[in-house]
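One structure below.
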Amino acid sequence: MAELIRKQPTPPRLPSGERAATEALLAELLGEDPPEPPPHRVNRAARAVGLVGGALALLAVVAIVSVLAGHRAAGPVPPSAEPPVDIDGSAALRPDLLSAELGGPGADAPGSAGAARPTGQAGPSRITPPPDLVTGPKPQVDVVRRFYELLPAEPAAAAGLLSAELIGGSTADFAAAWSRVRAVRVESASLRPDGSVLAVVSVQEADGRWMRVEQLFRLTDTTTPRIVGSEVLSAQRS
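Heads up: the sequence shown begins at 1 in full-length UniProt numbering, then just goes up one per residue.
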């Protein structure tokens, strides 16, 4: 008997996946609920979902940090230049004095001959403006622009647009101070309601550096205005 039992063919075993599909098909045919998956499979699926969610959250954090780092400045933000203190009158029209106020390499020391403040001694009693000066609807603006145009090559002629008090010690001192300037570029000049002119100019010094100056001019109310007052509002090197 035992020998006959051993000779009986062993029924084929279905793989676990096929067995589960077969059981589900039979349950559907018999109108029964399909068997629930074993608890260890549910736990495994939950762990997989948790791992995927954690990985996505980590990637999102890394992406945000990268974007913020990209927008961060490459180095420390340089402090804005403070406006010079009490630079007005004839001193406001001397590039050597303004350079000394800003300081830095190559700037003349305040006590040196090149940066000595004007003595206030009277210069020529009156200088005739250049004959080629033509003014338009805003003569104050035209005079200020012409003043800056003449400074690099003809500083003595530019002095003809100033009152004697603004020239300082002498026309020669004024011209010598501007003879060391390479270029002057007028960025803007606008007329204010009180008749003064606000100008923004860039001045290239002898060493090649640029100074950007915001300056206020006061002029006479005449057919051909003359510059009688000047004040530096702000200045910085670029």
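Even glycine gets a Cβ: it sits at the ideal position worked out from N, Cα and C.
These numbers come from a predicted model, not from an experiment.
So, under 8 Å CB-CB, Trp-210 and Val-203 are touching, yes? Tell me the CB distance rounded to an integer number of Å. About 7 Å separates the two Cβ atoms, so the contact holds.
Does the Cβ of Ser-179 have 16 or more other Cβ atoms within 10 Å, making it buried, or fewer, making it exposed? Label assigned to Ser-179: exposed.
Nearest to Pro-155 by CA position, among Arg-182, Glu-214, Leu-56 and Leu-51, is which residue? When the alpha-carbon of Pro-155 is set against those of Arg-182, Glu-214, Leu-56 and Leu-51, the nearest one is in Arg-182.
So Ser-188 and Arg-218 are in contact, right, with Cβ under 8 Å, and what is the actual spacing, rounded? Contact doesn't hold; Cβ gap of about 18 Å is too wide.
Based on DSSP bridge pairs, tell me the residues matched to Ala-189. Looking at the DSSP assignment, Ala-189 forms a beta bridge with Ala-199.
CB-CB under 7 Å to Arg-192, same chain, minus the five flanking residues each way: which ones, in chain order? So the qualifying residues of the chain are Leu-198.
Does the segment 223 to 237 come close enough to the segment 134 to 154 to have 3 or more Cβ pairs within less than 8 Å? Counting Cβ pairs under 8 Å, three or more are found: they touch.
Within 10 angstroms of the Cβ of Ser-99, are there 16 or more other Cβ atoms? Answer buried if so, exposed if not. Ser-99 should be labelled buried.
Between which two residues does the beta strand (DSSP E) holding Val-181 run? Run containing Val-181: none; DSSP gives neither H nor E here.
What does a CB cutoff of less than 6 Å around Gly-229 pick up in its chain, not counting 5 residues either side in sequence? Shown here for Gly-229: same chain residues with a beta carbon closer than 6 Å to its own, the five before and five after excluded, namely Arg-218 in chain order.
Could you check whether Asp-96 and Val-232 sit closer than 8 Å to each other, using their CB atoms as the reference points? It is not a contact, given that the beta carbons lie outside the stated cut-off.
Leaving out the 5 sequence neighbours to the left and right, which residues in its chain are closer than 6 Å to Pro-118 when beta-carbon positions are compared? Any reading at Pro-118 must be qualified, since the residue scores a pLDDT of 43, below 50, and its modelled position is unreliable; the value itself is stated next. Counting only Cβ-Cβ distances below 6 Å, and skipping sequence neighbours, we find Ser-90, Gly-168 and Gly-169.
Cβ neighbours of Ala-206 in the same chain (closer than 6 Å, five flanking residues each side left out): Only Arg-180 meet the Cβ criterion.
By alpha-carbon positions, which one of Leu-151, Arg-185 and Glu-214 ends up nearest to Phe-174? If we check each option's Cα against that of Phe-174, Leu-151 comes out closest.
Bridge partners - Arg-218, DSSP secondary structure assignment: Note: Arg-218 sits in a beta bridge opposite Gly-229.
Using the Cβ count rule (16 or more neighbours within 10 Å means buried), how would you classify Pro-78? Below a pLDDT of 50, predicted positions are generally treated as unreliable, and Pro-78, at 46, falls in that range; no measurement from the model is reported.
Asp-194: which of Arg-145, Asp-221 and Gly-160 sits nearest, CA to CA? Closest option to Asp-194, Cα to Cα, is Asp-221.
Cα-Cα separation between Gln-121 and Ser-190, rounded to whole angstroms: Low local confidence applies: a pLDDT of 41 at Gln-121 is under 50, so the model's placement there is unreliable, and no value is given.
Assign Ala-92 to one of two classes, buried (16 or more other C-beta atoms within 10 Å of its C-beta) or exposed (fewer than that). A buried status is given to Ala-92, since no fewer than 16 other beta-carbon atoms sit within 10 Å of its beta-carbon.
Pull up the distance between the alpha-carbon of Ala-153 and that of Gly-103, whole angstroms please. Their Cα atoms are separated by approximately 25 Å.
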